[in-house]
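K.L.:
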Amino acid sequence: MDQKPGKYKVKNIKLAAEGKRLIEWAESRMPVMMALQEKYKKTKPFKGYKIAGCLHVTKETAVLIKALVAAGAEVSWSGCNPLSTNDAVAAALAAEGVSIFAWHGMNVKEFYWCIDQTLKFHPNLTLDDGADLIFTIHKDHPEFAEKFVIGGTEETTTGVHRLRAMAADGALKYPVIAVNDAETKWDF
Numbered sequence: 010m011d012q013k014p015g016k017y018k019v020k021n022i023k024l025a026a027e028g029k030r031l032i033e034w035a036e037s038r039m040p041v042m043m044a045l046q047e048k049y050k051k052t053k054p055f056k057g058y059k060i061a062g063c064l065h066v067t068k069e070t071a072v073l074i075k076a077l078v079a080a081g082a083e084v085s086w087s088g089c090n091p092l093s094t095n096d097a098v099a100a101a102l103a104a105e106g107v108s109i110f111a112w113h114g115m116n117v118k119e120f121y122w123c124i125d126q127t128l129k130f131h132p133n134l135t136l137d138d139g140a141d142l143i144f145t146i147h148k149d150h151p152e153f154a155e156k157f158v159i160g161g162t163e164e165t166t167t168g169v170h171r172l173r174a175m176a177a178d179g180a181l182k183y184p185v186i187a188v189n190d191a192e193t194k195w196d197f
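Heads up: the sequence shown at position 151 corresponds to 160 in the working numbering, and the numbers run straight through without jumps.
#1: Rank I146, I109 and F153 by C-alpha distance to the C-alpha of P14 and give the top, closest one.
#2: Whose C-beta lies closer than 6 Å to the C-beta of Q126 among residues of the same chain, with five residues either side of it excluded?
#3: According to DSSP, which residues form a beta bridge with W86?
#4: Relative to the C-alpha of I159, which residue among G179, H131 and V41 is closest?
#5: Smallest Cα separation from H170: which of V185, K156 and F157?
#6: Going along the chain, which residues of its own chain have a beta-carbon closer than 7 Å to the beta-carbon of F153, five neighbours each way excluded?
#7: List the DSSP bridge partners of T135.
#8: For a quick check, are the C-beta atoms of A140 and G106 less than 8 Å apart?
#9: If I follow the unbroken beta strand (DSSP E) through V185, where does it start and stop?
#10: Pick from V117, Q12, T162 and G179: whose alpha carbon is nearest that of V188?
#11: Taking D96 as part of the alpha helix (DSSP H), name the residues at either end of that continuous run.
#12: Look at the alpha carbon of V41 and the alpha carbon of A35, and state the distance between them as a whole number of angstroms.
#13: Use the C-beta contact count for K51: other C-beta atoms within 10 angstroms, 16 or more gives buried, fewer gives exposed.
#14: Would E164 and D190 be called neighbours here (beta carbons separated by less than 8 Å)?
#15: According to DSSP, is D190 part of a helix, a strand, or is it coil?
#16: So, under 8 Å CB-CB, V84 and I60 are touching, yes? Tell me the CB distance rounded to an integer number of Å.
#17: For M115, count neighbouring Cβ atoms within 10 angstroms of its own Cβ and tell me buried if that reaches 16, exposed if not.
#18: Taking 8 Å as the cut-off, decide whether the C-beta atoms of G88 and V66 are in contact.
#19: Spatial neighbours of Y49 within its chain, please: C-beta separation below 7 Å, excluding the five flanking residues on both sides.
Written out as C-alpha cells, the structure reads:
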C-alpha cells in the first residue's frame, strides 16, 4: 500500500503509468466531458469549491474528476465499492495530485476510513453513489452539513429512497440532487 498522509492512499503508486493510459483511452471516448473540461478550465467556475466524491474509481470517473479539477475545484475522492476500484486509475490520479483514498478489495473498516479522509478538507459539495458519504456526514460530522456543505448528488435508486425518507423526517441537512431522476441519464 502506498500512502501520502492527508493526500492519498492507493494500492501501488507505480501503477500510475498504466492508469494514465486507461484514463486517456476514456477521454478519447468521452467528447462531451472533454469539451466541458476545455471550456471550464479557462473560467474556473468551481474555483474555491471543495468537492468530496464517493463514486466508483474507474477510468470514466477519472475523466469527471479531472474535469472538476480543471474547472477549479479542490477534490478529494474515495471509492463507493471496494470491488470496483481500478488500482491503476487510483494511482494515476494520486500521481497527478488528486486527493484519493481507494484500492481494490478494501474491507468495511478501510472503506469508512477512506470516506473520513475525503471529509477532512471540509467539502462544500458531495458526489455520492450509495449515500455512504452523505450518511457519514449526517451521522459522524453533522457540523459539516451546517457549516460547509451546500449541496450534493446521489446516484443510486436505493440511496435516493433513503435520502427522501430522511428529507421527509426533516433529517436531511442539505439539498441532494437525485441523479437517476435526470432525463438525460435515461436517454443514455
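Here a beta-carbon is modelled for each residue, glycine too, at the ideal position from N, C-alpha and C. If you're wondering where the values come from, they're calculated on a predicted model, not measured in any experiment.
P.N.:
To lay it out plainly:
#1: Mapped onto the sequence shown, residue 14 falls at position 5. From the listed residues I146, I109 and F153, the smallest Cα separation to P14 is found for I109.
#2: Against the sequence shown, residue 126 aligns to sequence position 117. Around Q126: F110.
#3: If you number the sequence shown from 1, residue 86 lands on position 77. DSSP lists G62 and I109 as partners of W86.
#4: Position 150 of the sequence shown, counted from the start, is the residue given in the question as residue 159. If you compare the alpha carbons of G179, H131 and V41 with that of I159, the shortest gap goes to H131.
#5: Numbered from 1 along the sequence shown, position 161 holds the residue referred to as residue 170. That would be V185, whose Cα lies nearest to the Cα of H170.
#6: To locate residue 153, count along the sequence shown from 1; it is residue 144. Closer than 7 Å at the Cβ level, and outside the excluded window around F153, lie L128, H131 and I146.
#7: For the purposes of this step, residue 135 is identified with residue 126 of the sequence shown, where counting begins at 1. Residue pairing for T135: DSSP places it in a beta bridge opposite A61 and G161.
#8: As a position in the sequence shown, residue 140 is number 131, starting the count at 1. As a position in the sequence shown, residue 106 is number 97, starting the count at 1. G106 sits away from A140, with the two beta carbons spaced by 8 Å or more.
#9: Residue 185 sits at position 176 when you count from the first residue of the sequence shown. Note, V185: beta strand (DSSP E), V185 to A187.
#10: The residue labelled residue 188 in the question sits at position 179 within the sequence shown. Minimum Cα distance to V188 is reached at T162.
#11: Within the sequence shown, residue 96 is the residue found at index 87, counting from 1. Counting along the chain, the unbroken alpha helix (DSSP H) around D96 starts and ends at D96 to A104.
#12: Against the sequence shown, residue 41 aligns to sequence position 32. Against the sequence shown, residue 35 aligns to sequence position 26. Their backbone Cα atoms lie some 12 Å apart in a straight line.
#13: Mapped onto the sequence shown, residue 51 falls at position 42. Counting Cβ neighbours within 10 Å, K51 comes out exposed, since fewer than 16 surround it.
#14: Position 155 of the sequence shown holds residue 164. Position 181 of the sequence shown holds residue 190. Their beta carbons are not under 8 Å apart, which means E164 does not touch D190 by this criterion.
#15: The residue labelled residue 190 in the question sits at position 181 within the sequence shown. Helix at D190.
#16: In the sequence shown, counting from the first residue as 1, residue 84 sits at position 75. In the sequence shown, counting from the first residue as 1, residue 60 sits at position 51. Taking the Cβ atoms as the reference, V84 lies roughly 5 Å from I60, within the contact range of under 8 Å.
#17: Reading the sequence shown from its first residue, position 106 is the one you call residue 115. Under this definition M115 is a buried residue.
#18: The residue given as residue 88 occupies position 79 in the sequence shown. The residue given as residue 66 occupies position 57 in the sequence shown. Cβ distance < 8 Å, so G88 and V66 count as in contact.
#19: Your numbering for residue 49 matches position 40 in the sequence shown. Cβ neighbours of Y49 beyond the five flanking positions: A79 and A80.
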